[in-house]
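One structure below.
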Amino acid sequence: MNYLKLREEQLKSAIREDYFADYKYTQLGNIDFVVAKHNTQGVRTDLFEDDIGDLKSILWAEAKQGNTHDIYESFVQLLLTIGKERSFEHNLPPKYIGAFDAEKFAFIEYHDIQEIFYQNDFNWNVTPSNHDTKEFKQLHDLCQKLLEERSILFRFKSDSAELKKFIRTNFKITKDISEKISVTKNNFTFVFQKWEAAVKPSINVDWAKVNKAGIISADFFLADLLSRDNRSIKDNLFVVLKRKKYELAKKLDENGFLSYSSVEFKDEQKAYKEFWSIYKRPPQEEYWDYIIERRDLLVPQDIRERKGSFFTPQIWVEKSQQYLADVLGETWQDDYYIWDCCAGTGNLLNGLTNYDNVWASTLDKQDIDVMTDRVNNGWSMPENHIFQFDFLNDEFDKCPEELRQIINDPEKRKKLVIYINPPYAEAATTRTKTKTGTNKESVARNNKVFDRYGKSMGGAGNELFALFLMRCFKEIPDCIIGQFSTLKTIQAPNFLKFRNIFQAKLNSLFVVPADTFDNVKGKFPIGFFIWNTAPSGFSLISAVADVYDRNNDLIGNKSFYVPPEKKLLMDWLKTLHDKENEPIAYLRTLGSDFQNNGGVFLTLSPSKADFEQKKICEVTRNNFVNISCYFAVRQSIEATWLNDRDQFLFPNEGWQNDFEFQSDCLIFTLFHGQNSISSESLDKSIAMNHWIPFTREQVGCKSTFKSNFMNKFLKEFIASHSLNFSNEAQAVYDAGLELWKYYHTQTGAKPNASFYDIRKHFQGVNAKGHMNSSSEDSTYTDLISVLRTRQKALAQKIEQSVYKYGFLK
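All residue numbers for the sequence shown refer to our numbering, where the first residue is 490 and numbers rise by one.
Okay, structure coming up:
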């Protein structure tokens, strides 16, 4: 059948009839297309409010009419829809998610993408259908390669028979309608969330106390899940189920007898029995290891941040070991001792060859059990080299004797490699800095290492990974450190005191995109550093790093620089303030690095909070040129994952006599999207819009402008310095003029409209009052496209001066 002329609802109906007639088709929030098998007998459906026992999803899919849509963008829209509505928390996840249009249908197994929904701090509250948001682009970058490699695509015209066979084979309908729900690697996180709501409250335990002891509810859930006939089938779990009670790990008491703690139910297992009447357990054996290894997905977010319960991707594990071999020699595993002192479940140690020289310690007893289980299943690590240890609190006398001897021997310490991907939690959060929350002091400050060194480290004392580094440097002198972290040790201004103390020599560094790491979002670099802590008085000024993309391809190298004290761009901005003269606008500013560029904009109506937090600089007739230079420097170079933490600096004096550079910045600022000046939101201290760069006659406006300041200023600036606009600046100015002229042909055009107002007129706003990303007016779309293209050319010209005058190194 030819689907090309069908509207979306007609297309969904046709696909359902042609390929999914044997299945139940239902609605699930805003997901376009849901295929399920229905269960109406033999299973209770009143246990949960959402009656999830009634619906077993096989497919959630995004539908698009026509055949012009990028299938991977459709997948991303579906992921945003699922993530925004948290569909996987309220409903059993399906076996597949998919995307289709009038030409093709693509599928990917849900478990291949489920970790995307557990990213840290990702903003899921964006409109899924808006493909221009930074969140959409971020998610697209994160999962495009995964979709390309693992999705299965069928074209209706050539693969119809194959598609029908795929559906028959994989979308099985069981004849046993009373079948329990199987727990798989697709849905075990969802089942855990339901278990926490239904069963956890019935367990007779003081959760605050057991959490302090390192036990979490996930341990009780795993004891339930990995059981048969009410008995856990894996005795090496930290918590095991013994019919009507749980038992915690056995240990020797003070008299040498083997003892254990037991936990019973409050309700004689009523809630427990009701819950497990729905789910089949244990899962298929092929899922056991995966579920245990991915226990980190069941760990609460704050605990994961504090303890570092995250996997290091295997490609970067292998890369880090390659770099250690390059620095220490090919036989480094035989010549050196290795200690991962925040090992988690030990995945950073995968691929090593001489485990007799390796030790692994971690804060959690549960992780010890996982590593021990790996040993029992063939991992070559000596079991007595795995031990529980709190690196930020315990003394080294708690280490195994052989490792303790290495730590205490000055010569052997030179052959000790501390090989870690330490936890990243910090005490200061965005909420702290904006006065909407409090420091998470129990995270980074409630430990003995902070007590010893934290105050001398300045802002770095808030960072757990920095505390790990400081203890290694101070208490295991001469050791080698191989560690993953952000580049704060080099680039962060608040690490100045840390760098003054931590004078280890950086021998090697490579960087990779942060979002290739498990549960990490955002476009910034994560580096693998190899430090030599031998006394050298080494002062870090800069570092050259090899740069790898997400596909593990070497794409070049990059220099990262230590920011000079009190010589950042924000320090320069302080010299530009003008509180004596009447403002014509306000510059809203934030930080001195690329990651904060989104918070830099021009406005006539700053928020009260911005004033209180001193994020505002008045723009006046006297400092307008300088502020334009500041603005253009911040916005002319695109922020990428690689430059995200690069610091803008206090410039040299050369820019002051480069009037062409200044005029370029003026024009760039007037027509940039972060120029949010609106005549509709005038601050009480600013009576009119001073930012119209044209005359009334130039744009064909029939009414006079309240202010002709900007047009006169530009003419006077050009005349006083005896120059013309550069070709690039003139091209932007001309494109802006055409846009203004077209606006003033519109019915209801306002004479004092700003650049922002004009864009808003044509693009409109959504339900939340935010400007849409596009317009249905084709003439406007052409005009704004020309302007943006010319603005990019001007930005490239300005970029040359940014480096020339030292705004960036």
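Ideal Cβ positions, reconstructed from N, Cα and C, are used throughout, including at glycine. Treat the numbers as computed from the prediction; the structure is a model and nothing was measured.
- When DSSP reads this structure, THR851 sits in a beta bridge with GLN877.
- Taking each of THR834, ASP898, PHE957 in turn and checking the Cα distance to TRP868, the smallest one comes out for THR834.
- Contact between PHE564 and ALA588 holds, with the beta-carbon distance rounding to 5 angstroms and staying under 8 angstroms.
- Contact check between the region 1273-1280 and the region 1126-1138: fewer than three CB pairs, one atom from each, fall below 8 angstroms, which does not count as touching.
- Under a 10 Å Cβ-count criterion, ILE547 is classified as buried, with 16 or more other Cβ atoms of the shown protein chains found around its own Cβ.
- Setting aside the 5 residues that flank it on each side, SER997 is surrounded in the same chain by TYR812, VAL816, ILE1019, each with a C-beta closer than 6 angstroms to its C-beta; the list follows chain order.
- In terms of Cα proximity to CYS830, the closest of TYR942, PHE973, THR842, GLY950 is PHE973.
- With respect to ASN700, LEU581 sits apart: the two C-beta atoms are not nearer than 9 angstroms.
- LYS901 and PRO1024 have their C-alpha atoms roughly 15 angstroms apart.
- According to the DSSP assignment, PHE643 belongs to the beta strand (DSSP E) that extends over 641-644.
- Put simply, the backbone Cα of ASN1213 is about 31 angstroms away from that of ASP1060.
- Note on geometry: alpha-carbon atoms of ALA697 and ILE857 lie some 22 angstroms from one another.
- The alpha-carbon of GLU1217 is positioned some 10 angstroms away from that of GLN1285.
- In this structure, the straight-line span from the alpha carbon of ALA1282 to that of GLU598 is close to 43 angstroms.
- The region 1071-1086 makes no contact with the region 1025-1043; the number of CB pairs closer than 8 angstroms stays below 3.
- Per DSSP, TRP613 is not a residue of any beta strand (DSSP E), being assigned neither H nor E.
- DSSP places PHE1120 in the uninterrupted alpha helix (DSSP H) bounded by 1113-1124.
- Along the length of the region 1225-1267, whole alpha helix (DSSP H) runs at least 4 residues long occupy 1244-1252, reported in chain order.
- Note on geometry: alpha-carbon atoms of GLU1186 and ILE520 lie some 52 angstroms from one another.
- The count of Cβ pairs closer than 8 angstroms, one atom from the region 1223-1239 and one from the region 1189-1201, reaches three, so the stretches are in contact.
- In the structure shown, LYS623 adopts helical secondary structure according to DSSP, grouped into three states.
- Distance from the Cα of LEU1058 is smallest, within the candidate group TYR844, ARG893, GLU498, LYS1298, for LYS1298.
- Counting C-beta pairs with one atom in each stretch, the region 960-967 and the region 1002-1014 have fewer than three that are closer than 8 angstroms, which means they do not touch.
- Inter-residue distance for ALA1238 and LYS977 is about 49 angstroms (C-alpha atoms, whole angstroms).
- As summarised for the region 709-781, the continuous beta strand (DSSP E) elements at least 3 residues long and confined to that stretch are 728-731, 734-737, 751-753, given in chain order.
- With a cutoff of 9 angstroms on beta-carbon distance, LEU636 and TYR585 are scored as not near each other.
- Put simply, of ASP708, PHE1194, ASP1135, SER1262 the residue whose alpha carbon is nearest the alpha carbon of ALA1242 is PHE1194.
- In summary, ASP713 is buried, with 16 or more beta-carbon neighbours lying within 10 Å of its beta-carbon over all protein chains present.
- For the 9 angstroms CB-CB criterion, SER1094 and SER1167 form a contact.
- Judged by pairs of C-beta atoms under 8 angstroms, the region 1205-1212 does not touch the region 1091-1105, as fewer than three such pairs exist.
- Spanning the alpha carbons of TRP765 and VAL728 requires a straight line of approximately 18 angstroms.
- Nearest in C-alpha terms to ASN1040, of all of ASP507, PHE1006, ILE722, PHE754, is PHE1006.
- ILE1175 is not bridged by DSSP to any residue.
- Within a 10 Å sphere around the beta-carbon of TYR1292 sit fewer than 16 other beta-carbons, which makes this residue exposed.
- Your pair LEU838 and ALA849 checks out as a contact, with CB atoms roughly 6 angstroms apart and the cut at 8 angstroms.
- When only Cα atoms are considered, ASP559 and LYS626 end up about 13 angstroms apart.
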